[in-house]
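Enquirer: Numbering (our numbering), first residue to last: 1322 to 1546.
C-beta: ideal position from N, C-alpha, C; glycine also.
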Ligand code: ADP
Ligand code: ADP
């Protein structure tokens, strides 16, 4: 897994909108970092810059001690998990999860191992032969997350992944996310509006406002006063 470092990261959009300003943060290996703050404060932009989906205007991004090149797009080996997900409707759950490994010519036996391990963590082992139409919303999302896990990314970037789910599912998915964090030793950067998610999942919480970091502290420190 990975450690990341952002140094004086700024983002100004073409229309002049300053979305993120002088963002400084070290993200340790196996950190479950939560980004919170009011709508429009720059959370998604920060996540998208880390993912390489949005250009960084100025500053430095380091991943595992390597300085990322900001002008030449570069494979960062990070996985972005969205709230909406796309599964291949004609493929089984097993084949959906295995898909990204198949196109990389990973040996069959390793694909099977990785798919089964991901399915176990997400409690969908019994669904491997099903097609997406026969899955509930929560099950589909688990499959989508499974297809990310098997790639063994350096870090997971998640933008409100549970916001479309009902309260019961959200509670269940929090457990799965916690397992991904602990059992895979994953580094996770997670945007949410949900204080319960922030408190139960986060090892560190960063509060943003108007493009800058207002506070950064472990949840027990932040929510104790
Ligand atoms: P959050 O995720 O915290 O809701 P965003 O990162 O989406 O905030 O947005 C931060 C600011 O940047 C907002 O003022 C938003 O309107 C602006 N913004 C986002 N994307 C663009 C864009 N493509 N062009 C111009 N401004 C943008
Ligand atoms: P096991 O007995 O270890 O549970 P199998 O012997 O059933 O696994 O697996 C045989 C082959 O079928 C493997 O190469 C595996 O990649 C593939 N496979 C296993 N389960 C599924 C599934 N649900 N859908 C598609 N292919 C599968």
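Residue ranges of each alpha helix (DSSP H) run of no fewer than 4 residues wholly in the stretch 1348-1429, ordered along the chain?
Expert: 1364-1372, 1414-1423
Enquirer: Does DSSP put residue 1501 in a helix, a strand or coil?
Expert: helix
Enquirer: Quick check on the burial criterion: 16 or more other C-beta atoms within 10 angstroms. Buried or exposed for residue 1329?
Expert: exposed
Enquirer: Whole angstroms is fine: what's the gap from residue 1393's alpha carbon to residue 1439's?
Expert: The straight-line gap from Cα to Cα measures roughly 33 Å.
Enquirer: Flag this pair as yes or no: are the beta carbons of residue 1463 and residue 1445 separated by less than 7 Å?
Expert: yes
Enquirer: With respect to 6 Å, is the separation between the Cβ of residue 1365 and the closest non-hydrogen atom of ligand 1 below this value?
Expert: yes
Enquirer: Which residues in the same chain as residue 1380 place their Cβ atom closer than 6 Å to its Cβ, once the five residues preceding and following it in sequence are excluded?
Expert: 1328, 1329, 1330, 1331
Enquirer: In the DSSP assignment, the alpha helix (DSSP H) including residue 1465 goes from what residue to what residue?
Expert: 1458-1470
Enquirer: Residues in its own chain within less than 6 Å of residue 1533 by CB, not counting five upstream and five downstream?
Expert: 1342
Enquirer: Using beta-carbon positions only, say whether residue 1481 and residue 1513 come within less than 7 Å of one another.
Expert: yes
Enquirer: In angstroms, rounded to a whole number, what distance separates the CA positions of residue 1347 and residue 1388?
Expert: 13 Å
Enquirer: Please classify residue 1344: does DSSP put it in a helix, a strand, or coil?
Expert: strand
Enquirer: Any heavy atom of ligand 1 closer than 6 Å to the CB of residue 1537?
Expert: no
Enquirer: If I follow the unbroken beta strand (DSSP E) through residue 1537, where does it start and stop?
Expert: 1533-1538
Enquirer: Throw me the rounded Cβ distance for the residue 1528 and residue 1516 pair, which I believe falls under 8 Å.
Expert: Their Cβ separation, rounded to whole angstroms, is 11 Å, which puts residue 1528 and residue 1516 out of contact at 8 Å.
Enquirer: Exposed or buried, residue 1502, counting other C-beta atoms within 10 Å across all chains shown (16 or more means buried)?
Expert: That one is buried.
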